[in-house]
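Counting along the sequence shown from 1, when you hit position 764 you're at 753 in our numbering, and nothing is skipped either side. What follows is a set of notes on a single structure, which appears directly below.
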Amino acid sequence: MCGLSVIPRPGTPVRFNHLPLGFLSLVILLDSKAQQTELEWISYPPNGWEEISGLDENYTPIRTYQVCQVMEPNQNNWLRTNWIEKGDAQRIFVELKFTLRDCNSLPGVVGTCKETFNLYYQETDSEVGRSLRENQYVKIDTIAADESFTQGDLGERKMKLNTEVRIIGPLSRRGFYLAFQDVGACIALVSVKVYYKKCWSIIENLATFPDTVTGSEFSSLVEVEGTCVSDAEEEADNSPKMHCSAEGEWLVPIGKCICKAGFHQKGDACEPCGRGFYKSSSQDLQCSRCPAHSFNDREGSWRCDCEDGYYRALSDPASVACTRPPSAPQNLVYNINQTTVSLEWSPPADTGGRNDVTYRVICRRCSWEPEECVPCGPNVGYSPAQSGLVDTYVTIMDLLAHANYTFEVEAVNGVSDLSRTQRLFAAVSIATGQAAPSQVSEVIKEKVQQRSIQLSWQEPQQPNGVITEYEIKYYEKVSLWYMSKSTSATVNNLKPNTAYIFQIRAFTEAGYGTYGPRLEITTKEEATGSIYCCQNPVIIIAVVAVAGTIILVFMVFGFIIGRRYALAVKFPGTKTYIDPETYEDPNRAVHQFAKELDASCIKIERVIGAGEFGEVCSGRLKLPGKRDVSVAIKTLKVGYTEKQRRDFLCEASIMGQFDHPNVVHLEGVVTRGKPVMIVIEYMENGSLDGFLRKHDGQFTVIQLVGMLRGIAAGMRYLSDMGYVHRDLAARNILVNSNLVCKVSDFGLSRVIDDDPEAVYTTTGGKIPVRWTAPEAIQYRKFTSASDVWSYGIVMWEVMSYGERPYWDMSNQDVIKAIEEGYRLPAPMDCPPGLHQLMLDCWQKDRAERPKFDQIVGILDKMIRNPNTLKTPVGTCTRPISPLLDQSTPDFTAFRSVGEWLEAIKMERYRDNFTAAGYSSLESVARMSIEESRLYLKQVYIREKTLFQHCFTAILFI
């Protein structure tokens, strides 16, 4: 076996290049090291892979497979495992541990020796026997060793063990086989472990979440509904949910269960309240001892029963003590004035343990015989009221004269009507004296003249004695009186055509009664003489008042209009961005620029993604006095360091300084609770790149230009504040439901000084090469001009509906191409005007790039006049070479279509041109614009990086 071995010398350390993933989330399907007997895997040909017994790094007996046919060329040795049933798994992990001999240590076999082997798999619903057909297997990867050993290593017994992990999925069949192909290597397969990941069942917030297999994609989150434990129920509108991550970890729980009434939480279960305790609502946390004068003798009670003689009102919560009705009021006294009685009393000695004591008065009119009393009826008045009295006094009016009355005053509280005991009250009996007559209820006008009015009326319903006279009050402006002995009278010496008000009351020896209702009567006009309207002072006053009102309205209207236009003139301030890193205490920066929110105002509804510091969720924010709004919530994961906390809140310190409709708005932060949160406005359509890819080709050019205009406006605002973004890309632009684009993600941003040439120099870190200006890549210098370069890339992303800039080119190839002056070509159907603006943004000299203010102006002009999209209207005239050479080769220099295609690196499409009937250079030259577009659009779909090259070369006519 060419000196191949996997057994280290005792005491010799073994080097592990990789550590396996967390075992807690793994379900092992196959572990060759755990099997002590022969594995009996299929080897083809039989003299290829060989099963050998050995010892692992811990000197535990294991079964291994080895192959070392390096002396013979054209090796094709296959090894297949037994059938592996996958269970519920969708993504399978394969961990391989192996050693490999360095080909350089094998003299004479350098040309045939390999240092890699291939890993395959085949899905099946059942075992397929011991036959092995290569064409039925799907290749997973070519496995190369990080460390190989030499003959010298073998002598020193220092073996170098490699560990590699590969992923298979998603799988759709019941099981699968693994196969290993050796093509000429000297290798020992020490162990093969096959497993998948799952989130193990847990109880969180009194909800049980079952074992859950991870999703089929690396970034997928599996949402799992929780089931409340026994004697628990879901919190209102907040059902328990968790998400199982691809790593087999449960993420932030949403919602929860709470113990039902009568039960309290103990650990992960709900236990019943003991005897003498209760819990009235699931919202309560703990059981409480029964309040005063109540009891219970059973477990799991939601309330306590009242003792005899004590009660609980229907509106009383279960937490209040049982109470009883109050005792009778004390010290009841009265004062009588003819037919009006005033009562006063003192509060009861015992309020029954309640503070809602009120009073009610019961009035009865009695005959001269005892115990012959009837209710007073509706004609009696009470001031302030008959029942519900808070104060300890009442006045009773309109009683009959010379009558006997009994008044009872009762103190009542919330349980008085529940009591079955005898009522307790204070009582007093009173005899009324002589009283004034009651009201004259109806007055009739008998005759109306120019200067006199004749009236009549009925005697009051309760004269309360002999009426000696009636008093008539009448007035125009000043009240006058007229006396009448009878129930009719004529009032003289009145003014013609004048309105008078009349009221009448009766008089006895007990005094005057009250005035009756008002009666308005107008005397007749005089028969002779003319009255000019202009001489009427009332009309004159009315006319003057109307004219004055009109003038006042015009004056007020003029003032409002003037103020409106005066306020329309705005004088913008000079707000400047302040770098949070300039603060000695970062927490001070956060609280200066970001509003601190109460965590109780935030309701997390679901997890929508994972960020650098923790999960990103959506939810609702309800501030006092305001309607609730949808928000996105960034959370800081548990176990963070102080530096992670500062870095996490730094973005909030930056965002809190911005207020613009095209910059994502910060609602506030939660720093005084856990988890620490940043709350921003919710953008329904997510990131711009994903949104465009989802709606490929569904927008008009003007709609796309409108999106670009919004992004440019947001960047103009940031630039005016002296702020450099450094990571402007479509992935960092968010889109709301109205297609408004807003700049976000300020994690890489920095400040610049007032000097326009001043820059911020980074000290390291990763740079998004495809979006970054050359000077920022080369010198780590960032300015607003470098943001303009990035904006040009964003324009290209938008017009290509989320295409990846520079496609599959490596970062080094992108940097080299840009240094050589090449630029991205116009996307499909991109108007020339927009592409020219992109090229202007990509000027090598940053001083020649347009400012964001200029970009906004150009886009506004394109929106107002779409014809300008067809004509390049850039800010500079210097030509820029596109990324792919657009120069037209000398077409006459080629002898065939194939030779021409080879010159433009399109020889792979020779058969396509031939099949389409373009077999000669003359037929290619006769292609119309429409034909070339239609044909080459198909080529563009297959290989976009070559489209502009081929398209320009074809359209040389």
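Ideal placement from N, C-alpha and C gives every residue a C-beta, glycine not left out. Every value quoted in this text rests on a predicted model; they were computed, and no experiment measured them.
Spatial distance of residue i from residue j (CA atoms)
{"i": "A310", "j": "G342", "result": "8 Å"}
{"i": "E465", "j": "F496", "result": "24 Å"}
{"i": "R793", "j": "M817", "result": "14 Å"}
{"i": "P820", "j": "K149", "result": "59 Å"}
{"i": "I433", "j": "L444", "result": "6 Å"}
{"i": "T410", "j": "Y300", "result": "12 Å"}
{"i": "E509", "j": "I456", "result": "25 Å"}
{"i": "Y489", "j": "S441", "result": "11 Å"}
{"i": "H684", "j": "I567", "result": "38 Å"}
{"i": "I597", "j": "L723", "result": "14 Å"}
{"i": "A174", "j": "E29", "result": "22 Å"}
{"i": "S885", "j": "S909", "result": "6 Å"}
{"i": "L612", "j": "E656", "result": "10 Å"}
Counted within 10 angstroms of its Cβ, other Cβ atoms place residue i as buried (16 or more) or exposed
{"i": "R412", "result": "exposed"}
{"i": "V765", "result": "First, the residue type needs correcting, since residue 765 is Ala and not Val in the sequence shown. Buried: at least 16 other Cβ atoms inside 10 Å."}
{"i": "L89", "result": "buried"}
{"i": "A719", "result": "buried"}
{"i": "P449", "result": "buried"}
{"i": "T948", "result": "In this structure the chain extends from -10 to 946, so residue 948 is not present and cannot be described."}
{"i": "T479", "result": "exposed"}
{"i": "D842", "result": "exposed"}
{"i": "N344", "result": "exposed"}
{"i": "A177", "result": "buried"}
{"i": "M472", "result": "exposed"}
{"i": "S335", "result": "exposed"}
{"i": "N66", "result": "buried"}
{"i": "S676", "result": "buried"}
{"i": "I322", "result": "According to the sequence shown, residue 322 is Val rather than Ile. V322 should be labelled exposed."}
{"i": "A230", "result": "Sequence check: residue 230 is Lys here, not Ala. It is buried - the Cβ of K230 has at least 16 other Cβ atoms within 10 Å."}
Residues bridged to residue i (per DSSP)
{"i": "S277", "result": "Y267"}
{"i": "M798", "result": "BP columns for M798 are empty, so no partner."}
{"i": "I192", "result": "T197"}
{"i": "R682", "result": "In the DSSP output, where bridge partners are listed per residue, R682 has none listed."}
{"i": "N950", "result": "The chain is shown from -10 up to 946; residue 950 falls before or after that span and cannot be answered."}
{"i": "W760", "result": "None, per the DSSP bridge assignment."}
{"i": "C606", "result": "V596, I622"}
{"i": "C259", "result": "Q254"}
{"i": "W446", "result": "V432"}
{"i": "M232", "result": "A small correction: the amino acid at residue 232 is His; Met does not occupy that position in the sequence shown. For H232, which the question treats as bridged, DSSP gives the partners E212."}
{"i": "Q55", "result": "E39, A177"}
{"i": "L240", "result": "According to DSSP, which records beta bridges pairwise, L240 is partnered with nothing at all."}
{"i": "N107", "result": "T131, Q170"}
{"i": "D473", "result": "As written in the sequence, residue 473 is Ser, which differs from the Asp given in the question. S473 is bridged to Y459."}
{"i": "N977", "result": "Residue numbering for the chain in the displayed model covers -10 to 946; residue 977 lies beyond these limits and cannot be assessed."}
{"i": "F284", "result": "D294"}
Three-state secondary structure assigned by DSSP to residue i
{"i": "N124", "result": "helix"}
{"i": "T772", "result": "coil"}
{"i": "M851", "result": "helix"}
{"i": "C311", "result": "coil"}
{"i": "V690", "result": "helix"}
{"i": "A719", "result": "helix"}
{"i": "N66", "result": "strand"}
{"i": "N320", "result": "strand"}
{"i": "T113", "result": "strand"}
{"i": "V16", "result": "strand"}
{"i": "V732", "result": "strand"}
{"i": "V845", "result": "helix"}
Cβ separation of residue i and residue j, assumed to be a contact under 8 Å, to the nearest whole Å
{"i": "V56", "j": "T101", "result": "Going by Cβ atoms, the distance from V56 to T101 rounds to 14 Å, so no, they are not a contact pair."}
{"i": "C233", "j": "T203", "result": "6 Å"}
{"i": "C246", "j": "L195", "result": "4 Å"}
{"i": "H654", "j": "G703", "result": "With a Cβ gap of about 11 Å, H654 and G703 do not count as contacting."}
{"i": "V291", "j": "K255", "result": "A quick correction: the sequence has Trp, not Val, at residue 291. Not confirmed; about 17 Å, so no contact."}
{"i": "D171", "j": "F82", "result": "Between F82 and D171 the Cβ distance is about 22 Å, and since that is not below 8 Å, they are no contact."}
{"i": "T70", "j": "Y184", "result": "Rounded, the Cβ-Cβ distance is 14 Å, inconsistent with contact."}
Below-9 Å beta-carbon distance, residue i vs any chain B residue
{"i": "P613", "result": "Checking the listed chains, one finds no chain B in this structure; it contains a single protein chain."}
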